[in-house]
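Trainee: Following the numbering used here, the numbering of the sequence shown begins with 168 at its first residue and continues without gaps.
A virtual CB, placed ideally from N, CA and C, is assigned to each residue, including glycine.
Source: prediction; values computed, not measured.
Input: one structure, supplied below.
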Amino acid sequence: MTLNRETVERIRPRIRSFRLIFAALIAGVALFGLLIIALVALKFDSQFSMLSLIIFGISALIGAQALVIPRMVGVGAIRQLAPTIAKLDPDQTETRFQIVSQTLGVWFTSTLIGVAMLEGAAFMNLVGAFVEGNAWHLVAAGLFLAMMVVFFPSENRVLGWIEQRLDDLQRAG
């Protein structure tokens with residue numbers, strides 16, 4: 168289902184709001200990282216304490232889950248929407264908007280889950296850098312921050328995701 172101009176104009180403010188939320192999550196990690204750099208004498212220590220190893224292990228696990236869990240949530244939510252969407256007439260403007268709006272909500276929820284998980288992993292490493300003074304935690308936090316930036320929602324990416332899900336639903340239904 169191709170999104171018409173009117174529908175895109177109606178959801179554009181929501182996409183802008185989502186972008187602000189994601190920017191705030193990214194900025195929080197970046198600013199805390201800058202604070203750690205300013206306050207702590209960091210060094211690249213090749214000797215890792217047990218705490219550092221635990222932080223690296225848990226954050227790596229969270230990072231891997233952040234790539235899988237949001238997709239599972241999105242697929243499950245779209246499957247739940249499928250029967251409702253199948254009953255609606257996509258030729259009616261208001262109905263089309265409802266379908267797109269519900270699909271946008273699925274995108275937002277699933278993507279936010281992934282970004283929040285990455286944020287948690289980044290903060291865990293920043294706290295590790297603060298407590299341990301080991302710069303490797305800052306490197307790990309930077310990697311998680313970079314992953315968060317990759318998820319940043321451009322309008323075209325969001326609209327493309329919605330169109331793809333709607334096409335999937337039409338093929339399935």
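1) Keeping to the same chain, check which residues put their C-beta closer than 7 Å to that of A208; ignore five residues upstream and five downstream.
2) Using the Cβ count rule (16 or more neighbours within 10 Å means buried), how would you classify T278?
3) DSSP three-state label for N301, please.
4) Given this structure, state the Cα-to-Cα distance separating V291 from L198, to the nearest angstrom.
5) Whole alpha helix (DSSP H) runs in the region 204–268 with 4 or more residues, listed along the chain?
6) How would you write the range of the alpha helix (DSSP H) that N323 sits in, first residue to last?
7) If the criterion is Cβ atoms closer than 8 Å, does the pair F318 and V267 meet it?
8) Between M315 and V196, how many whole angstroms is the CB-CB distance? I'm expecting something under 8 Å.
9) Can you tell me whether G327 is buried or exposed, with buried defined as 16 or more other CB within 10 angstroms of its CB?
10) Please confirm whether L285 and A233 have their CB atoms less than 8 Å apart.
11) Can the beta-carbon of P320 be found closer than 8 Å to that of F211?
12) Note down the Cα distance separating I229 from L206, rounded to an integer number of angstroms.
13) Under the assumption that A313 contacts A296 (Cβ atoms under 8 Å), give the Cβ distance between them as a whole number of angstroms.
14) Expressed to the nearest angstrom, what Euclidean distance is found between the alpha-carbon atoms of S213 and I221?
Mentor: Taking the coordinates as given:
1) Residue mapping note: residue 208 aligns to position 41 of the sequence shown, counting from 1. Closer than 7 Å at the Cβ level, and outside the excluded window around A208, lie G300.
2) Your numbering for residue 278 matches position 111 in the sequence shown. Classification of T278: buried, given that the 10 Å Cβ count is 16 or more.
3) As a working note, residue 301 is residue 134 in the sequence shown. N301 falls in the strand class under three-state DSSP.
4) For the purposes of this step, residue 291 is identified with residue 124 of the sequence shown, where counting begins at 1. For the purposes of this step, residue 198 is identified with residue 31 of the sequence shown, where counting begins at 1. Residue identity differs from the one stated: residue 291 is Met in this sequence, not Val. So the alpha carbons of these two residues sit roughly 14 Å apart.
5) 217–254
6) Counting from one through the sequence shown, the residue named residue 323 turns up at place 156. In the DSSP assignment, N323 falls within the alpha helix (DSSP H) that extends over 322–339.
7) In the sequence shown, residue 318 corresponds to position 151, counting from 1. In the sequence shown, residue 267 corresponds to position 100, counting from 1. Not in contact: F318 and V267 (Cβ atoms no closer than 8 Å).
8) Locating residue 315 in the sequence shown gives position 148, where the first residue counts as 1. Locating residue 196 in the sequence shown gives position 29, where the first residue counts as 1. Correct: roughly 7 Å between the Cβ atoms.
9) By one-based count along the sequence shown, residue 327 stands at place 160. So G327 ends up on the exposed side.
10) In the sequence shown, residue 285 corresponds to position 118, counting from 1. In the sequence shown, residue 233 corresponds to position 66, counting from 1. A contact, by the Cβ cut-off of 8 Å.
11) Counted from its first residue, the sequence shown places residue 320 at position 153. Counted from its first residue, the sequence shown places residue 211 at position 44. No. Outside cutoff.
12) The count along the sequence shown starts at 1 and reaches residue 229 at position 62. The count along the sequence shown starts at 1 and reaches residue 206 at position 39. Going by the C-alpha atoms only, they are around 27 Å apart.
13) To locate residue 313, count along the sequence shown from 1; it is residue 146. To locate residue 296, count along the sequence shown from 1; it is residue 129. Going by Cβ atoms, the distance from A313 to A296 rounds to 16 Å, so no, they are not a contact pair.
14) Translated into the one-based positions of the sequence shown, residue 213 becomes position 46. Translated into the one-based positions of the sequence shown, residue 221 becomes position 54. Spanning the two alpha carbons is a distance of roughly 15 Å.
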